[in-house]
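Here's the structure, in structure tokens; my notes come after.
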Amino acid sequence: MIRSLFFLLVLLAFTGQARAQSGAAFGFEYRPAGAVVQGTDTLRNAWMGGLNTPQFSTIDLNNDGQQDLFAFDHESSRCYTFLSVAASNATNGRRWQYAPQYENLFPSDLRNWVLLRDYDCDGRADLFTFTSGGDIRVFRNVLSGNRPSFQLTTNQIRFTGSFTGSANLTIGGYNLPAIQDVNGDGKLDIMTYDFISASFIEQYINNSPGTCGSALAFTLTTDNWGGIQSCGNCASYTFNGQTCFTASRPLHTGGHGLLLVDLDGDGDQDLLDGRDNCPELVRLLNQGTTTAPVITQAGISASFPSAAAPVRVPVFPVGYSFDANFDGRPDLVVAPNMVNNSADQVSLSHQIQLFTNSAASGAPTYSLSAGGFLQNDMIDVSEGAAPTFGDIDGDGLADMLVGNFADRVGTAYRATLAYYRNVGTRARPVFKLLSSDYLSLSSQNLLGLKPVLVDLNRDGALDLAYGAQDRGTNLLHYILNTAPAGQPVAFNAANMGYFKPQGATGTGILPYASGDMPCFTDVDNDGYVDLLIGTNETREPGKSLRYFRNRARGPLDSAFVLVNNDFGRIRDASGAAPLNLSPSVADFDGDGRPDLLTVDASGLLRFFLDYRAQGSQFSERTDVLYNPATGQYEETRLGLDFYSHCALAAADVNGDGAPELFVGTQAGGVISYGTRNRTVTATKAEAARALALNIYPNPASARATVETAAPTRISVLDLAGRVVRAGGTLQRRHELDLGGLAAGVYLVRAAGADGAAAVARLAVE
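Using mature numbering (1 follows the signal peptide of the UniProt record, and there is no 0), the letters of the sequence shown correspond one by one to residues -20 to -1, 1 to 745.
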């Protein structure tokens, strides 16, 4: 099965801790880890990390004359970029291709809302966004090296009105304005609900001199557009303080999102109004003129665009008008816009709706597209994705499990575990979704499920551990695998156990804060997996990363005891403990020694080289993500919000000897990264050759002999860098007992007393 791998010597990388300036250093780059299949569809943007609350705008990212796509996720404050690319097998000859190399071109501190609009008439989309206090900040798009760059124009748009002087144009933090040409003079105007009560629609007309409007001078022409006032319930309005009508359900609604579209083809702009806590996108038809808008009860519809197929998004739908299907006509895309899902607890899976426009001109004719928009082409488990990898079906290939924070299962909001079986080959993985509720874990009514496949009881077979919140308390659960090594796993959720506290409060009990992220790895190199926990725990003394050692005796549920409650002394830029920290350990750079990676609510990946050899305070590197557009390593931006949780996993899924890095995101998707420049320096290569590491037989089934030219200690690692066998004393000849190891490829590392090390592959049948 794996004879092509015989006697391949692994030359592993050695990288210094110096900051990376160019692409010659070690790091990571975005790289799809393999095909992903759901039903009969192969997902075209499978590994881009999911979408929950995107705000869409178009922009030419690569200066090729095509309008590309930008999305800003309200919930996580993450930017996404997609290129419009030619595709012979796509509808209308083009498709959206995820292109993360453009994401870091946008300002790093964007919050709440972002819309791209060309205000200076140079043909390049500029950037309008929220700033502190609810004002509007504007960045001008200046072409730099055929790519956008954004220069701050103003932190405050001002306006005049029926008062002396001027004031800040303030819309608050939860309203999404319409920034479009209202009156047809070619200048961008602004319409928004008032920021105090979110009841009245205000219209600000651009009165900048000339034909462009680049001075961004505005006049408030009305603070009660159409004489209409929003009432407190969904799809509920009143005229001039009269009785409210069309009330849907009694919910307080705070924010609104507006889109201007000429829906009836009469030459003036009508409004589409979405609001918080409501599923409808309400049509407000202007039956007057641009200068004298008239809204009547007959012109208001909560069944837009049709009674047969109306917009229905669980919470706060907002509409975006652009050519989504490449037929030259502006379509309507509708997405949720709430700030988070903590109160609403709705499904955020496949909630982005596409209404294609079939009208060549005049009033648009919208039809609901069954496939939705973009979400149908990516891994999407609603929110809070957490991946892990291991051979579940016993075929020697790494399969994938993805936990989530929660999704709607029937009428309940609860965590689930998705199972993607690897039906490809060792070099070309193909992950096929077999179950969205593996082991029926949704029946346990958990939240925040963080799975880890790991051999807990040293029988050579993978067990399942997972952190999850159970009735208000977060526990670390486990289900032992009762099948022999190398066979399909046998998990029985009814036999679930959990790791018990070791000691009284204040003496190092296992953290039990919501969102705790476990990582099982052999920290002290004794052959037993220990436990690192990323946590926000405050009831126990300690910081974000805590180390619990496996004492290798007694019951499994009491195996882990506290060693360090501030492991590595990891801090954010302000000196505080990072929120929502997730750790992962593997030999990423290839020097034969495990490295530590963390991610937290800042969206920043931190790389700790050879963490075992570091002191009490770990030294980090953050510019670890290679950008092919700039040829430089950059810091990651995976979300920037205290609500945002990411989860890390490492696994070699394509059999190349290097672990891929996987990031589960708050948006319910998974991002995959490959390693770069995993090479060996001449000094390390010479030392490895001098050891003359030899393994025979290879492949082996029960036992193998390891010989070196000088005395060494031996350890056996799986391809994710986890130690599965650890040798004892220094000697030249070792006999390895392979009993209990699943069939596959392993790394045998021989380390001398002087630190010289060599690594070779061992195929176990």
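We put the CB at the ideal spot given by N, CA and C, even for glycine.
Which term fits residue i, buried or exposed, when burial requires 16 or more other beta carbons within 10 angstroms of its beta carbon?
{"i": "N454", "result": "buried"}
{"i": "N43", "result": "exposed"}
{"i": "I176", "result": "exposed"}
{"i": "A407", "result": "exposed"}
{"i": "T122", "result": "Reading off the sequence shown, one finds Val at residue 122, where the question assumed Thr. Exposed, by the Cβ-count rule."}
{"i": "E715", "result": "exposed"}
{"i": "Q597", "result": "exposed"}
{"i": "R656", "result": "buried"}
{"i": "N32", "result": "buried"}
{"i": "Q183", "result": "buried"}
{"i": "V744", "result": "buried"}
{"i": "A357", "result": "The amino acid at residue 357 is misidentified as Ala; the sequence shows Asp. Classification of D357: buried, given that the 10 Å Cβ count is 16 or more."}
{"i": "L264", "result": "buried"}
{"i": "A553", "result": "exposed"}
{"i": "F634", "result": "According to the sequence shown, residue 634 is Asn rather than Phe. Answer is buried; the Cβ neighbour count reaches 16."}
{"i": "Q194", "result": "In the sequence under discussion, the amino acid at residue 194 is Ser, which differs from the Gln named in the question. Buried, because 16 or more other Cβ atoms sit within 10 Å of the Cβ of S194."}
{"i": "K664", "result": "In this predicted model, K664 has a pLDDT of only 48, less than 50, meaning its place in the structure is not dependable; the value taken from the coordinates is given anyway. K664 should be labelled buried."}
So what does DSSP say about residue i, is it helix, strand or coil?
{"i": "residue 756", "result": "No information on residue 756 is available, as it lies outside the stretch -20 to 745 that the chain covers here."}
{"i": "D387", "result": "strand"}
{"i": "Q355", "result": "helix"}
{"i": "D106", "result": "strand"}
{"i": "A470", "result": "coil"}
{"i": "S420", "result": "helix"}
{"i": "N305", "result": "coil"}
{"i": "E260", "result": "coil"}
{"i": "L93", "result": "According to the sequence provided, residue 93 is Trp. The question's Leu does not apply to it. It is coil, neither helix nor strand."}
{"i": "T111", "result": "strand"}
{"i": "R74", "result": "strand"}
{"i": "D40", "result": "coil"}
{"i": "S228", "result": "Caution applies to S228, whose pLDDT of 47 falls short of 50 and renders its modelled position unreliable; the model cannot decide the point."}
{"i": "A392", "result": "strand"}
{"i": "L123", "result": "coil"}
{"i": "R451", "result": "coil"}
{"i": "Q209", "result": "strand"}
Using only CA atoms, which one of the options lies nearest to residue i?
{"i": "G206", "options": "N186, F198, M171 and G235", "result": "M171"}
{"i": "V739", "options": "E687, L673, Q711 and A722", "result": "L673"}
{"i": "T692", "options": "A731, L727 and A684", "result": "A731"}
{"i": "Q277", "options": "T218, A493 and S56", "result": "T218"}
{"i": "K430", "options": "S564, S415 and V319", "result": "S564"}
{"i": "A581", "options": "N148, G644, Y346 and L354", "result": "G644"}
{"i": "S562", "options": "I513, V696, S415 and Y399", "result": "I513"}
{"i": "H330", "options": "A340, V314, Y676 and S341", "result": "V314"}
{"i": "R683", "options": "S88, L718, V650 and V503", "result": "L718"}
{"i": "K412", "options": "A4, T20 and G3", "result": "T20"}
{"i": "N25", "options": "L168, Y10, L525 and L196", "result": "Y10"}
{"i": "P558", "options": "H625, F540, D40 and S341", "result": "H625"}
{"i": "E687", "options": "G73, Q711, L525 and T602", "result": "Q711"}
{"i": "V319", "options": "Q77, G583 and D53", "result": "D53"}
{"i": "R713", "options": "I675, R120 and L252", "result": "I675"}
{"i": "V94", "options": "R292, A339, P80 and A158", "result": "A158"}
Based on the DSSP secondary-structure assignment, which residues constitute the bridge partners of residue i?
{"i": "S599", "result": "Per DSSP, none; premise fails for S599."}
{"i": "A441", "result": "Looking at the DSSP assignment, A441 forms no beta bridge with any residue, so it has no partner."}
{"i": "T685", "result": "Y676 and E715"}
{"i": "C499", "result": "L512"}
{"i": "E9", "result": "G654"}
{"i": "P431", "result": "Y446"}
{"i": "N186", "result": "F198"}
{"i": "P409", "result": "Per DSSP, none; premise fails for P409."}
For the ligand PLP, is there a heavy atom less than 7 Å away from the beta-carbon of residue i?
{"i": "L261", "result": "Annotation note on the ligand PLP: not contained in the displayed structure, which lists no ligands."}
Inspect the CB distances between the region 236 to 246 and the region 294 to 306 and report whether three or more fall short of 8 Å. yes
**Asked** Are there three or more Cβ pairs, one per stretch, closer than 8 Å when the region 629 to 639 is compared with the region 600 to 610?
**Response** no
* **Three-pair Cβ contact test at 8 Å for the region 147 to 161 versus the region 210 to 225** => no
For the region 490 to 503 and the region 420 to 440, state whether three or more C-beta atom pairs, one from each stretch, are separated by less than 8 Å.
yes
Below 8 Å, how does it come out for the region 269 to 276 and the region 160 to 168: are there three or more Cβ pairs, yes or no?
yes
> Quick check: the region 524 to 540 against the region 501 to 515, are there 3 or more CB pairs under 8 Å?
Replying inline: yes
Three or more C-beta pairs closer than 8 Å, one from the region 644 to 653 and one from the region 22 to 31: is that the case here?
-> yes
- Given 8 Å, three or more beta-carbon pairs between the region 52 to 66 and the region 387 to 399: no
Under 8 Å, with one C-beta from each stretch per pair, do the region 2 to 18 and the region 334 to 348 reach the 3-pair mark? no
Are the region 433 to 443 and the region 362 to 372 touching, with three or more C-beta to C-beta distances below 8 Å?
-> yes
**Asked** So, do the region 588 to 605 and the region 456 to 469 have three or more beta carbon pairs nearer to each other than 8 Å?
**Response** no
### Task
Would you check if the region 84 to 98 and the region 345 to 359 touch, i.e. whether three or more CB-CB distances between them fall below 8 Å?
no
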